[in-house]
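Enquirer: Oh and the sequence shown: position 292 is 292 in UniProt numbering, straight run, nothing missing.
For glycine and all other residues, C-beta sits at the position ideal for the given N, C-alpha and C.
What follows is a structure written as structure tokens; I'll ask about it next.
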Amino acid sequence: MPRKGRRSSFTHVKSGRFHRDSGGAGRGYVAGRPTTPDVPVGELRSPSLSPSPSPVPSDDTSFSDISIGSMPSPGPSVACSDSNDTNDFMDALQDFSDSDSILEENTASSKAKFLEQSLELIRAVLPKHWIVIADQEGFNVVKLSFGRDPAIQRNVFVTFGGAVRITVHRKPISRDLQDFFLDGWKENIVLTSQSQKLFVDRLLAIVLKVRSSEICAGADNENLSDMWAADASGCVDTNPYAESRYVKTFRSNKCSLLVPVAKWRCPECMKANDRLRERFKSHQKEEVHPNTRNDFLDPQQAAKKLKKQHEEIKKSKLKIDYLKKVRLQLEQEGVNIDSDVSDSLLETLRDAELTPMQSLFLQQQLHYSTLSDARAMRWHPSMIRFALMLRCAAGASGYEAIRQSGVIKLPGERTLFDYTNAVPREIGVFHKKLDTIHEKNKEYTEDHQNFHNLLMDEIYISQKLVYRKADGSLVGYCELTEVEKEMDLLEEKIQGTSKSQPETAKCILAYMIKGVSNSVKELVAAYPVKALKKEDLYERTWEVISACETRNVKILAVVADGNAVNRSFFQMHTPATVSKLHPDLVFDTINMCAPDRKLYFISDPPHLIKTIRNCFAKSGQGKKCTRLLTKNKQYIVWKTIERLYLSEVQNTLRRAYKLTSQNVYLNSYTCMRVNYAVQVLSNTVGQDLKDKKWPGTEETVNFILNCDKFFDNLNGAHSEMGKRTANSRLSPYTSTEDWRFEELLTFEKYLMDWEKEVGNLKLNQAAKAKCLLSHQTLEGIYITINAFIGAVKFMLDIGAKFINARVFCQDPLEQYFSKQRAAGGGKSNPTVVSFLNADKKISIHRDLNVKRKGVNTSEASKMMEASDEPLPKRKRKR
């Protein structure tokens, strides 16, 4: 009679529960595992199990001694990835089959029962959509697809001797990937009564590792599908296994098949995608020589050639007509001049290097002067944009004065009105503008080009009501949602009061989208509000995100300043990533409109550097000082900056040339200037102070240099900025292993160590708070660092070649607000109606940037460019 095994216990891999049994694989488990009923052999759940009678196994029974020769195999076997894998796998089987039997003569029915108990044990712990099937050699644990006709997507085959083989789509995975899944399980575990639980735990651990990976989506860009068939380095996958990540894709022959959940495709398929994209671009750039015979062209090339010839003929006719008119005008109104003046004029025209916009402007002015009736003038779209830009910058009276001067000819107010009112603008989400952005995004061939940042901020407006003649409504009240209206009614009933009229709006909450790797920059929503609450901000923000996501305008991050409402709005979300250093910090969440992606929250870096400087400026021991920053028993005070400035102010040449009276002696205006904060917290000032070697200023130097590195790492504006400024921190991010990520985390640790040091001081909480930066600033820095690193790595993982850090700031929205204020002329704050009207003009002339002096934002250095893109025009009623 077999000896009874002693009681043992184990902790389950998946559930973490503590289980206890009485030796062997007996009936049931006290800690919650399902019991295995006594089922006859003919009624076993698995159709592949129909063993013949054999002796009862003992506690040391091995499956090599159980006769299962009558069990049919569930399907054809799959070969290993290479001969070495096959040899290793067959050697493991041979070693197992040659092992010495320690069984006694038992009945076959008991062996079948033991096998069924093992199957039940495996079934009890498998994840959903995973099933187990036994064959002559071991267990096949397979994952099935969804639907009525499920297909086997993954297969983890484990022999009774412990050898493992993993296949995906009936193809074995690579040796390196299999070693990764088997990490920690180097030795094979033979299935016996004593090792049954360990065998199942090992099998479950492997299954869970495989389950934590996703199928590689391959080069699934549909715009490149025409290039798939001609590429011999891969094949087209039509998704016969019903995967959810793709419908049809191109897969490299070296595809690893499985990738981590955070990645979309494997490195080999990423290379294939880049290769197809470059081939597609080169194919698009290929132009047929105009002298190529038509019978050598395909239909598309012939149509393209014919269209180009038609355009050239049309342009030639227009040019001929224009030259005829000029010649006729010269014959009728020309004035004879001497040869010297003629030669001088010709030389001036030859040497002039006119930009396309300047050339277009001169052509339009000459064309206007030839017309007998000004109503016959058809203005170029770029001239309409230029006129609208002047109208916004100079105001109505200034624009009309330029027109009436006669120096230059410009479109009239009525013409501009027809263009600016072609698309009606309503309060809330601008759906028409989002539709236009959606159509433009269709031109992008890369998935990463569809990602945008959502910038939000408030602009103060005049609390006035304006009558809108178009629909007879009064505009200027707060725009309330249905929920807010119901809550106001409930509050009125509880308090027994009633409002005589709705509240007028105090500011406008504006939302702008900025492309991460494209040129999109548009205001997409505006809400008149009075006192914004975090609940109101939550509802409106997700309304805008939903409207964008439904049009494939993907939102990567929400960028806002660090006021209390915005920080409370961030905290309303459930974090997708829990930081070990900051368990309560929310810097990302699951995008409710796209659950497979994260939404990141970023506090505007320029605002952060300004608040850091303001805390520094208030640090000292005077009456007006509210802080006394203390680090390593040294004071970090503003008097040090004043002393450095005064020590060199009389010198003509000085190292700390960035220090001026404006950024050293602050007032209510200069303390709001971001550029003044950057000039003080700069490497130039830090190095000059370091060379002074004044006692007690070492921590001040470290503070300034760390702040400078922090801001530079988040301030790269364009690809060449790092080279032009000889500052590598301003270069674009091109790798997920960039050294600047570690530098940002080092700055985070620097601040955390500072907090820990102050926390150990024997002071009350109010005194401790004065020794640090404000808790709002610290929270904003922690949020920005973690969210920025996650967002940049995500964009690089999905195929972006580089990311400029300044796309994660509010500069575009601040520039937009400056245009809004300028459009009002002498009025500093617009009304709701004037805000919406000015937005129409700004949207039209958005491409005509002029160089302006930067204050709280970067200066727009892009010059005017001529564009033939047509503009929508309002049809007049006849």
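State buried or exposed for residue 345, treating a residue as buried only when at least 16 other CB atoms are found within 10 Å of its CB.
Expert: Exposed: under 16 other Cβ atoms inside 10 Å.
Enquirer: Touching or not, the segment 768-781 and the segment 711-729, by the rule of three or more beta carbon pairs under 8 Å?
Expert: Flag = no, the segment 768-781 and the segment 711-729 do not touch.
Enquirer: Considering residue 249, what are the terminal residues of the beta strand (DSSP E) in which it resides?
Expert: Here the beta strand (DSSP E) through residue 249 covers 249-252.
Enquirer: If you draw a straight line from the C-alpha of residue 664 to the C-alpha of residue 589, how long is it?
Expert: Their Cα atoms are separated by approximately 40 Å.
Enquirer: Between which two residues does the alpha helix (DSSP H) carrying residue 213 extend?
Expert: Where residue 213 is concerned, there is no enclosing alpha helix (DSSP H), although the beta strand (DSSP E) it sits in stretches over 213-215.
Enquirer: What's the call for residue 374, buried or exposed, on a 16-neighbour Cβ count within 10 Å?
Expert: Exposed.
Enquirer: Take the Cβ of residue 281 as the centre, count every other Cβ of all protein chains shown within 10 Å, and call the residue buried at 16 or more, exposed below.
Expert: It counts as exposed.
Enquirer: When you compare only the Cα positions, how much space is there between residue 330 and residue 315?
Expert: For residue 330 and residue 315, the distance between alpha carbons rounds to 22 Å.
Enquirer: Tell me the residue span of the alpha helix (DSSP H) that contains residue 800.
Expert: From DSSP, residue 800 is part of no alpha helix (DSSP H); its letter is neither H nor E.
Enquirer: On the DSSP bridge assignment, give the partners of residue 258 in chain order.
Expert: Beta-bridge pairing links residue 258 to 215.
Enquirer: Can you list, in chain order, the stretches of the alpha helix (DSSP H) that have 4 or more residues and sit fully within the segment 759-837?
Expert: Runs of the alpha helix (DSSP H) inside the segment 759-837: 765-770, 775-797 and 811-823.
Enquirer: Report yes or no: do three or more beta-carbon pairs, one from the segment 687-694 and one from the segment 626-637, lie closer than 8 Å?
Expert: No contact exists between the segment 687-694 and the segment 626-637.
Enquirer: So, does the segment 450-462 touch the segment 504-514, judging by three or more C-beta pairs under 8 Å?
Expert: They touch, by the three-pair rule.
Enquirer: Report all residues from its chain with a CB closer than 7 Å to the CB of residue 279; omit the five preceding and five following residues, and keep chain order.
Expert: Answer for residue 279: 227, listed in chain order.
Enquirer: Decide if the segment 584-604 is in contact with the segment 544-562; the criterion is three or more beta carbon pairs, one per stretch, under 8 Å apart.
Expert: Taking 8 Å as the limit for Cβ pairs, the verdict is that the segment 544-562 does touch the segment 584-604.
Enquirer: What distance in whole Å lies between the Cβ atoms of residue 141 and residue 203, which are believed to be in contact at a cut-off of 8 Å?
Expert: Yes, they are in contact, since the Cβ atoms of residue 203 and residue 141 sit about 7 Å apart, within 8 Å.
Enquirer: Ignore the nearest five residues each way along the sequence and tell me which others in residue 238's own chain have a CB closer than 7 Å to its CB.
Expert: Contacts found: 248.
Enquirer: Would you report the Cα separation of residue 173 and residue 445, rounded to the nearest angstrom?
Expert: Computed Cα separation, rounded: 31 Å.
Enquirer: With a 10 Å radius around its C-beta and 16 neighbouring C-beta atoms as the bar for buried, classify residue 246 as buried or exposed.
Expert: When all chains shown are included, residue 246 counts as buried.
Enquirer: Determine the burial state of residue 178: buried for a count of at least 16 other Cβ atoms within 10 Å of its Cβ, exposed for fewer.
Expert: Label assigned to residue 178: buried.
Enquirer: Throw me the rounded Cβ distance for the residue 680 and residue 613 pair, which I believe falls under 8 Å.
Expert: The pair is a contact, with the Cβ atoms about 6 Å apart (cut-off 8 Å).
Enquirer: What does the alpha-carbon distance come out to for the pair residue 343 and residue 318?
Expert: Answer to the nearest angstrom: the Cα atoms are 28 Å apart.
Enquirer: Alpha carbon to alpha carbon, how far is residue 717 from residue 886? Give it in angstroms, no decimals.
Expert: Nothing can be reported for residue 886: it is not among the residues displayed for the chain, which extend from 1 to 878.
Enquirer: Checking the sheet assignment: what are the DSSP bridge partners for residue 627?
Expert: 619, per the DSSP bridge assignment.
Enquirer: Would the beta-carbon of residue 696 fall within 8 Å of that of residue 634?
Expert: Against a cut-off of 8 Å, the Cβ pair of residue 634 and residue 696 comes out as a contact.
Enquirer: Given this structure, state the Cα-to-Cα distance separating residue 758 from residue 619, to the nearest angstrom.
Expert: The alpha-carbon atoms of residue 758 and residue 619 are separated by roughly 15 Å.
Enquirer: Determine the extent of the beta strand (DSSP E) in which residue 542 is found, giving its start and end residues.
Expert: Per DSSP, residue 542 belongs to no beta strand (DSSP E); it is in the alpha helix (DSSP H), 534-549.
Enquirer: Where does residue 152 fall in DSSP's three states?
Expert: In the structure shown, residue 152 sits in a strand (DSSP, three-state: E or B).
Enquirer: Does the segment 732-749 come close enough to the segment 798-813 to have 3 or more Cβ pairs within less than 8 Å?
Expert: Contact between the segment 732-749 and the segment 798-813 is present, because at least three Cβ pairs lie under 8 Å.
Enquirer: Report yes if the C-beta distance between residue 434 and residue 551 is below 8 Å; otherwise report no.
Expert: Contact flag set, yes.
Enquirer: For residue 452 and residue 517, I'd like the C-alpha separation in whole angstroms.
Expert: Each residue's Cα considered, the two are about 8 Å apart.
Enquirer: Cα-Cα, which of 744, 754, 357 and 132 is closest to residue 770?
Expert: Minimum Cα distance to residue 770 is reached at 754.
Enquirer: Just reading off the beta strand (DSSP E) that residue 601 is part of, what are its end residues?
Expert: Where residue 601 is concerned, the enclosing beta strand (DSSP E) stretches over 598-603.
Enquirer: DSSP has residue 165 in a bridge; who is on the other side?
Expert: Bridge partners of residue 165: 157.
Enquirer: Who does residue 140 pair with in a DSSP beta bridge?
Expert: 133 and 157, per the DSSP bridge assignment.
Enquirer: Is it true that the CB of residue 525 sits closer than 8 Å to the CB of residue 587?
Expert: Against a cut-off of 8 Å, the Cβ pair of residue 525 and residue 587 comes out as no contact.
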